[in-house]
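*Asks:* Line order of the protein sequences matches chains A and B.
Mapping the first sequence onto the numbering used here, position 156 (from 1) lands on 165, and the numbers just tick up by one.
Mapping the second sequence onto the numbering used here, position 59 (from 1) lands on 79, and the numbers just tick up by one.
Don't be surprised by glycine CBs; every beta carbon is placed ideally from N, CA and C.
First the structure, then my questions, so here it is.
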Amino acid sequence: MRIYAIVVFLFLYVPIGIIVLFSFNAGRHASELRGLSVQWYGKALSNPFVGDAFVTSLIVALSVAVLSSLMGTAAALALQRLKGKIRILFDGMIYVSVMIPGIVIGIATLVALVTVFDLLNPLLASIWPEGTKPPKLHMGYASVIAAHTLFTMSLVIILVRARIAGMDRALIEASMDLYATPWRTFYQVTLPQIYPAILAGFLLSFTFSFDDFIISFFVAGANTTLPIYIFSSIRRGITPEVNAIGTMVLAASLLLLMTAQFLLRERSSR
Amino acid sequence: MSKDNKANRWLTAALLTPTSLWFLVMLIFPLIVILVFSFGERAAVGGYAGGFTLEQYANLPSRLKAFQNTMLIAPAGTLLSLIVAYPLAYFLALRVDRKYKLILLVLVIVPFWTSLLVRTYAWIFILGGRGIPTLLEFIGIEGVRLINTPGAVLVGIVYGYLPLMVFPIFVSLEKLDKTLLEASSDLGGSPFKTFMQITLPLSKPGIATGCMLVFILLMGEFLIPAFLGGGKVFFIGNALVDLFLQSRNWPFGAAVSVTLVVIMLITVSFYMRMTLRNKTGRDESLM
Numbered sequence: 010m011r012i013y014a015i016v017v018f019l020f021l022y023v024p025i026g027i028i029v030l031f032s033f034n035a036g037r038h039a040s041e042l043r044g045l046s047v048q049w050y051g052k053a054l055s056n057p058f059v060g061d062a063f064v065t066s067l068i069v070a071l072s073v074a075v076l077s078s079l080m081g082t083a084a085a086l087a088l089q090r091l092k093g094k095i096r097i098l099f100d101g102m103i104y105v106s107v108m109i110p111g112i113v114i115g116i117a118t119l120v121a122l123v124t125v126f127d128l129l130n131p132l133l134a135s136i137w138p139e140g141t142k143p144p145k146l147h148m149g150y151a152s153v154i155a156a157h158t159l160f161t162m163s164l165v166i167i168l169v170r171a172r173i174a175g176m177d178r179a180l181i182e183a184s185m186d187l188y189a190t191p192w193r194t195f196y197q198v199t200l201p202q203i204y205p206a207i208l209a210g211f212l213l214s215f216t217f218s219f220d221d222f223i224i225s226f227f228v229a230g231a232n233t234t235l236p237i238y239i240f241s242s243i244r245r246g247i248t249p250e251v252n253a254i255g256t257m258v259l260a261a262s263l264l265l266l267m268t269a270q271f272l273l274r275e276r277s278s279r
Numbered sequence: 021m022s023k024d025n026k027a028n029r030w031l032t033a034a035l036l037t038p039t040s041l042w043f044l045v046m047l048i049f050p051l052i053v054i055l056v057f058s059f060g061e062r063a064a065v066g067g068y069a070g071g072f073t074l075e076q077y078a079n080l081p082s083r084l085k086a087f088q089n090t091m092l093i094a095p096a097g098t099l100l101s102l103i104v105a106y107p108l109a110y111f112l113a114l115r116v117d118r119k120y121k122l123i124l125l126v127l128v129i130v131p132f133w134t135s136l137l138v139r140t141y142a143w144i145f146i147l148g149g150r151g152i153p154t155l156l157e158f159i160g161i162e163g164v165r166l167i168n169t170p171g172a173v174l175v176g177i178v179y180g181y182l183p184l185m186v187f188p189i190f191v192s193l194e195k196l197d198k199t200l201l202e203a204s205s206d207l208g209g210s211p212f213k214t215f216m217q218i219t220l221p222l223s224k225p226g227i228a229t230g231c232m233l234v235f236i237l238l239m240g241e242f243l244i245p246a247f248l249g250g251g252k253v254f255f256i257g258n259a260l261v262d263l264f265l266q267s268r269n270w271p272f273g274a275a276v277s278v279t280l281v282v283i284m285l286i287t288v289s290f291y292m293r294m295t296l297r298n299k300t301g302r303d304e305s306l307m
């Protein structure tokens with residue numbers, strides 16, 4: 010039994026280890042290890058395409074995380090007061106948006122938005138004052154952020170709702186009985202209790218968005234996120250540079266997960 | 021009091037407005053558009069031309085291979101993940117010292133939250149020409165091809181989704197009342213009998229959750245077959261990317277998407293009904 014567990018853990022971690030090891034390759038060919046060096050990290054970091062893609066991914070992931078934790082928390086708080094048909098409707102939406110394949114979301118969003126933009130752009134051009142350049146709607150930051158947020162927002166709702174369900178209701182009633190305003194009750198009683206779930210939601214949303222390939226692939230327009238860049242470089246051929254970028258992406262996610270774990274610990278031990 | 025209630029209702033509505041807007045614009049509207057497009061015709065330059073025709077759906081058999089692959093490999097990959105995950109979940113939940121339990125569980129889950137793209141890429145490396153095949157040549161076995169086979173895709177699937185399978189099974193085994201296991205062995209039940217009659221039935225909810233999560237994600241999978249199937253083993257997801265980005269056949273792609281979602285909904289609800297029935301059956305037998 011123990012040997013089996015060791016084998017599975019090796020199965021999980023050896024491939025990651027191989028990527029990391031080969032990213033320090035001194036040779037020029039991806040699959041022949043010839044001494045160790047950090048030259049490919051230098052190459053990757055000085056590659057302007059990698060830098061641009063990284064910044065794009067960062068902007069998208071941060072916006073997604075902020076939007077989904079705000080909207081998701083608001084919705085979770087409102088939904089606990091609701092019953093009946095509206096509640097069932099929302100539950101259905103949350104369920105569908107989590108379950109539907111990312112590829113279908115990507116395609117449907119692309120097709121719908123491009124169609125709307127094609128209708129709106131001539132309209133905008135016709136009502137725009139003569140001589141100034143009319144704005145042209147197109148796929149880009151807004152569409153990726155919106156498409157990612159659909160999934161992550163539902164994720165935050167689920168997380169925060171689970172936390173609210175496990176919350177001590179007596180504290181809220183006590184606060185109300187002591188004539189605290191609803192805002193104060195929220196700020197001083199509810200928020201501290203659901204805070205870990207919101208934080209976890211924020212970080213999971215960030216990681217999801219930062220690592221997502223398939224949705225961005227369809228709706229990012231001319232913008233290249235880091236996963237899109239990695240995907241197209243792999244298509245062009247395997248180089249040690251891809252290994253170095255991959256290692257950095259893995260390290261970034263790990264760092265984020267560890268921060269989340271640490272913050273949650275800190276919070277609960279206080 | 022009624023003024024308070026009214027304010028409350030306004031607050032609830034305000035809190036729900038952004039989310040509702042999102043569901044409307046980013047979920048319902050695009051799905052309606054896809055549904056409408058799937059009954060349309062392809063414009064000469066690609067894209068969409070209006071109309072109402074069932075032509076796209078009649079044309080589905082031309083992508084039969086993608087549907088076949090998905091419907092065969094997705095369930096097979098789910099089953100294989102379950103077979104690999106269960107003993108590990110069992111070990112973590114019932115055999116590991118409390119001190120190490122949490123850290124080991126975290127170690128299983130962490131890979132899931134790192135880039136699937138990079139992790140799948142690692143297997144191109146391992147299974148590709150200079151990976152395992154070269155090692156095999158070294159010991160005298162030649163001409164083995166691993167990448168671009170169904171086997172490679174299955175390995176990628178198990179690797180990618182194992183954490184998602186282990187976690188729910190672990191949770192259900194962890195919740196299991198240990199005194200039941202002791203009672204069984206005290207009453208002379210063999211370890212095998214204890215497992216078959218107590219542990220396995222009580223971990224069914226975890227198995228069901230894990231299988232459903234993995235299966236749902238596999239139905240829409242694109243990356244793993246794209247990297248490890250190399251154009252030979254492709255899923256519906258790969259066909260969709262081809263239809264929308266290469267051949268720009270939007271109406272047909274829309275029909276394929278709608279069919280994928282419908283197949284998914286049918287299998288998932290069928291599966292849920294089956295596991296629910298099992299559950300009530302078990303409750304009755306326990307009484």
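Below 6 Å CB to CB, which residues in the same chain sit around Leu233 of chain B once its five sequence neighbours on both sides are set aside?
*Replies:* Around Leu233 of chain B: Leu184.
*Asks:* For Ala85 of chain A versus Ile173 of chain A, is the C-beta distance shorter than 8 Å?
*Replies:* Yes, the pair counts as a contact, with Cβ atoms nearer than the cut-off.
*Asks:* Straight-line CA distance for Val164 of chain B to Thr154 of chain B?
*Replies:* C-alpha separation (whole angstroms): 9 Å.
*Asks:* I'd like the span of the alpha helix (DSSP H) that includes Tyr238 of chain A, first residue to last.
*Replies:* Tyr238 of chain A -> alpha helix (DSSP H) spans 235-245.
*Asks:* One question on the structure: do Gly115 of chain A and Val228 of chain A come within less than 8 Å of each other, judged by their Cβ atoms?
*Replies:* Cβ atoms of Gly115 of chain A and Val228 of chain A: closer than 8 Å.
*Asks:* Counting C-beta neighbours from all protein chains within 10 Å, is the total for Pro131 of chain A 16 or more, i.e. buried, or is it exposed?
*Replies:* By the neighbour-count rule (16 or more Cβ atoms within 10 Å), Pro131 of chain A is not buried but exposed.
*Asks:* Give me the chain A residues within the contact set of Pro12 of chain B, using Cβ-Cβ distance strictly less than 9 Å, ordered along the chain.
*Replies:* As shown, chain B starts at 21 and ends at 307. That puts residue 12 of chain B outside it, with no answer to give.
*Asks:* Using three-state DSSP, classify Leu74 of chain B as helix, strand or coil.
*Replies:* Coil, per DSSP.
*Asks:* Among B:Phe212, B:Ser192, B:Val175, whose alpha-carbon lies nearest the alpha-carbon of Ile93 of chain B?
*Replies:* Among B:Phe212, B:Ser192, B:Val175, the Cα nearest to that of Ile93 of chain B is on B:Val175.
*Asks:* Check whether the Cβ atoms of Ala206 of chain A and Ala269 of chain A lie closer than 8 Å to each other.
*Replies:* Against a cut-off of 8 Å, the Cβ pair of Ala269 of chain A and Ala206 of chain A comes out as no contact.
*Asks:* Could you tell me which residues DSSP pairs with Tyr68 of chain B in its beta bridges?
*Replies:* The partner list for Tyr68 of chain B (beta bridge, DSSP) reads B:Arg62.
*Asks:* Buried or exposed, going by whether 16 or more other CB atoms sit within 10 Å of the CB of Asn269 of chain B?
*Replies:* Asn269 of chain B comes out buried.
*Asks:* For the segment 255-272 of chain A, which residues have a beta carbon sitting closer than 7 Å to at least one beta carbon of chain B?
*Replies:* Within the segment 255-272 of chain A, the residues whose Cβ lies closer than 7 Å to some Cβ of chain B are Gly255, Val258, Leu259, Ser262, Leu263, Leu266, listed in chain order.
*Asks:* Can you list the residues of chain B that Asp100 of chain A reaches, using a CB-CB cut of under 9 Å?
*Replies:* What Asp100 of chain A touches in chain B: nothing, since even the nearest Cβ is about 12 Å away.
*Asks:* Out of B:Thr199, B:Ala96, B:Val116, B:Leu222, point me to the one whose CA is closest to Gly171 of chain B's CA.
*Replies:* For the residues B:Thr199, B:Ala96, B:Val116, B:Leu222, the minimum Cα distance to Gly171 of chain B belongs to B:Ala96.
*Asks:* What are the start and end residues of the alpha helix (DSSP H) that includes Ala183 of chain A?
*Replies:* That run of the alpha helix (DSSP H) goes 178-186.
*Asks:* Consult DSSP for Leu91 of chain A and reduce its assignment to one of helix, strand or coil.
*Replies:* DSSP places Leu91 of chain A in coil when its eight states are reduced to three.
*Asks:* Identify the continuous alpha helix (DSSP H) that holds Leu174 of chain B and give its terminal residues.
*Replies:* Its alpha helix (DSSP H) spans residues 170-195.
*Asks:* Can you pull the chain B neighbours of Thr118 of chain A, defined as C-beta to C-beta under 8 Å?
*Replies:* The contacting residues are Met46, Pro50.
*Asks:* Give the DSSP-derived three-state secondary structure of Val45 of chain A in the structure shown.
*Replies:* It is worth fixing the name first, because residue 45 of chain A is Leu in this sequence and not Val. It is a strand residue.
*Asks:* With a cut-off of 8 Å, does the C-beta of Asp186 of chain A fall near any C-beta of chain B?
*Replies:* Chain B, which has no Cβ nearer than 8 Å to the Cβ of Asp186 of chain A, makes this no.
*Asks:* Taking only beta-carbon atoms, is Leu35 of chain B less than 8 Å away from chain A?
*Replies:* So yes, Leu35 of chain B belongs to the interface.
*Asks:* Kindly list, in the order they appear in chain B, the residues whose Cβ is closer than 8 Å to that of Val105 of chain A.
*Replies:* Result: Leu47.
*Asks:* Kindly indicate which three-state DSSP category Asn34 of chain A falls into: helix, strand or coil?
*Replies:* Note: Asn34 of chain A maps to strand in three-state DSSP.
*Asks:* Kindly list the residues whose CB is nearer than 7 Å to the CB of Ile167 of chain B, restricted to its own chain and excluding five residues on each side of it in sequence; keep chain order.
*Replies:* Counting only Cβ-Cβ distances below 7 Å, and skipping sequence neighbours, we find Ile144, Leu147, Gly148, Leu248, Gly250.
*Asks:* Tell me the rounded alpha-carbon separation between Lys94 of chain A and Ile136 of chain A.
*Replies:* One C-alpha to the other measures close to 42 Å.
*Asks:* Does Lys121 of chain B come out as helix, strand or coil in the three-state DSSP assignment?
*Replies:* DSSP places Lys121 of chain B in helix when its eight states are reduced to three.
*Asks:* Do we get a CB-CB distance below 8 Å when we pair Val113 of chain A with the residues of chain B?
*Replies:* By this cut-off, Val113 of chain A is an interface position.
*Asks:* Return the first residue and the last residue of the alpha helix (DSSP H) that Leu308 of chain B is part of.
*Replies:* Outside the shown range of chain B (21 to 307) lies residue 308 of chain B, about which nothing can therefore be said.
*Asks:* For Thr287 of chain B and Lys198 of chain B, I'd like the C-alpha separation in whole angstroms.
*Replies:* C-alpha separation (whole angstroms): 34 Å.
*Asks:* Just to confirm, are Pro24 of chain A and Arg150 of chain B a CB contact at a threshold of 8 Å?
*Replies:* Going by C-beta atoms, Pro24 of chain A is not nearer than 8 Å to Arg150 of chain B.
*Asks:* At a CB distance below 8 Å, what residues from the segment 64-98 of chain B approach chain A? Give them in sequence order.
*Replies:* Listed in sequence order: Tyr68.
*Asks:* With a Cβ-Cβ cutoff of 8 Å, do Tyr13 of chain A and Pro188 of chain B count as a contact?
*Replies:* Not a contact, by the Cβ cut-off of 8 Å.
*Asks:* Is there a C-beta anywhere in chain A that falls below 8 Å from the one on Gly273 of chain B?
*Replies:* With 8 Å as the cut-off, Gly273 of chain B counts as an interface residue toward chain A.
*Asks:* What does a CB cutoff of less than 8 Å around Val178 of chain B pick up in its chain, not counting 5 residues either side in sequence?
*Replies:* Cβ within range, chain order: Gly97, Leu100, Ser101, Val104.
*Asks:* For the putative contact between Phe72 of chain B and Phe59 of chain B, defined by C-beta atoms under 8 Å, what is the C-beta separation to the nearest angstrom?
*Replies:* Indeed they touch by this definition, with Cβ atoms about 5 Å apart.
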